[in-house]
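Heads up: the structure comes next, in structure tokens.
Numbering (the working numbering), first residue to last: 1 to 331.
Now the structure itself:
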């Protein structure tokens with residue numbers, strides 16, 4: 001038995017959340033409903049304007065690992081934080097949820113720990129303003145072959161793909177895991193990131209990965225057309241397992257050429273933050289426990305529905321209990 005069932009590699013970002021109406025967003029020059037990168041000065045202004053803020057360790061893959069920890073899996077995280085108050089907070093909180101934080105906080109004159117200011121509108125839309133800080137500097141030197149090789153599954157975060165050192169870290173992690181008999185995959189994360197690095201994304205998917213998870217916009221961005229079925233087939237031709245979330249239209253999964261469509265029950269979100277991250281947690285739980293694709297897809301949908309029912313990007317109730325109530329197997 002390996003040390004970890006799942007190891008994630010991604011941005012280590014402290015999430016700071018508050019509620020805000022459209023008037024406030026307009027006043028602060030915040031574009032509603034998207035994630036945008038900000039510089040350090042802008043981050044400090046937005047942070048100071050947040051009332052009643054809630055702080056938690058975040059980052060897309062880290063949120064997924066929190067969901068997997070909720071489900072009782074053995075997990076580890078490869079990420080980069082500074083040895084400052086936020087960095088120490090982040091590392092300690094990851095350990096509290098049962099995820100091994102593989103990289104100690106970095107000392108010296110490095111950039112500060114990353115943070116994302118998230119403004120949640122009354123309709124549940126989230127407007128994210130992210131200062132990447134030190135997490136974006138993660139590179140192959142941060143990847144321990146021992147950690148990656150001791151994982152049944154590794155999960156990569158597409159947001160890190162903007163820098164060459166991030167791409168190198170991905171490849172090192174995937175190869176170490178696969179060489180030891182594990183599986184490697186990615187959450188595409190952002191269609192704009194795909195558009196900036198399309199050729200490299202496709203090369204990584206074809207040559208280094210066993211599965212891909214993305215939403216409609218992200219899958220379409222890989223091949224630049226509006227025919228989702230054609231795009232799914234094209235990704236499936238170079239990767240054994242492709243998972244596409246389609247919001248209220250459900251989930252489409254292609255495994256070795258066999259398509260499975262999983263419907264969803266539409267709900268009005270309280271806060272959409274973390275929906276994709278927790279879908280990935282439920283789906284990867286199914287993959288790690290060797291469930292069929294329909295079951296894994298249903299697990300992902302249940303986990304996503306739980307997280308959008310409250311503020312914050314991580315589950316607040318037992319996902320295992322929710323799976324049992326739905327008649328799904330729990331390891």
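The beta carbon of each residue, even a glycine, is placed where N, CA and C say it ideally should be. The structure presented is a predicted model; accordingly, all values stated were derived computationally and were not measured.
Would the beta-carbon of residue 308 fall within 9 Å of that of residue 319?
no
Along the chain, where does the alpha helix (DSSP H) that runs through residue 135 open and close?
Looking at the DSSP string, residue 135 is not in any alpha helix (DSSP H), and its letter there is neither H nor E.
If you follow the alpha helix (DSSP H) that residue 14 is part of, which residue opens it and which one closes it?
First-last for residue 14: 13-19, but that is the beta strand (DSSP E), not the alpha helix (DSSP H).
For residue 207, I'd like the list of residues in its chain whose CB is within less than 8 Å of its CB, leaving aside the five on either flank, ordered along the chain.
none
Check whether the Cβ atoms of residue 134 and residue 15 lie closer than 9 Å to each other.
no
Does the region 169-183 come into contact with the region 83-101, if we say contact requires no fewer than three beta-carbon pairs (one atom in each stretch) closer than 8 Å?
No contact exists between the region 169-183 and the region 83-101.
Quick check on residue 207: does DSSP put it in helix, strand or coil?
helix
For residue 191, does the three-state DSSP call read helix, strand or coil?
helix
Since I believe residue 113 is in contact with residue 77 (beta carbons under 8 Å), could you give me their beta-carbon distance rounded to a whole number of angstroms?
Actually they do not touch by this definition, with Cβ atoms about 14 Å apart.
What did DSSP end up calling residue 57 once you bin it into helix, strand or coil?
strand
Please determine if the region 191-203 and the region 159-168 are in contact, where contact requires at least 3 C-beta pairs separated by less than 8 Å.
Contact holds between the region 191-203 and the region 159-168, because three or more Cβ pairs, one in each stretch, are under 8 Å apart.
Would you check if the distance between the CB atom of residue 237 and the CB atom of residue 64 is smaller than 9 Å?
Contact flag unset, no.
Can the beta-carbon of residue 224 be found less than 9 Å from the beta-carbon of residue 3?
No. Outside cutoff.
Which word fits residue 324, buried or exposed, when buried means at least 16 other C-beta atoms lie within 10 angstroms of its C-beta?
exposed
Return the residue from the list 75, 265, 255, 124 that minimises the CA-CA distance to residue 291.
255
Counting only the same chain and skipping the five closest in sequence on each side, list residues whose C-beta sits under 8 Å from that of residue 21.
Close CB contacts of residue 21 within its chain, under the 8 Å cut and outside five residues either way in sequence, are with 121, 122 (chain order).
For residue 312, which three-state DSSP category applies?
coil
Quick one: any contact between the region 57-75 and the region 271-283, if contact means 3 or more CB pairs under 8 Å?
yes
Report the option in 79, 45, 124 whose CA atom is closest to the CA atom of residue 310.
124
Taking the alpha-carbon positions, what's the residue 168 to residue 132 distance?
18 Å
How close, in whole Å, do the beta carbons of residue 61 and residue 155 come, if the pair is a contact with beta carbons under 8 Å?
6 Å
Going by C-alpha distance, which of 247, 275, 142 is nearest residue 166?
With distances taken between Cα atoms, residue 166 lies closest to 142.
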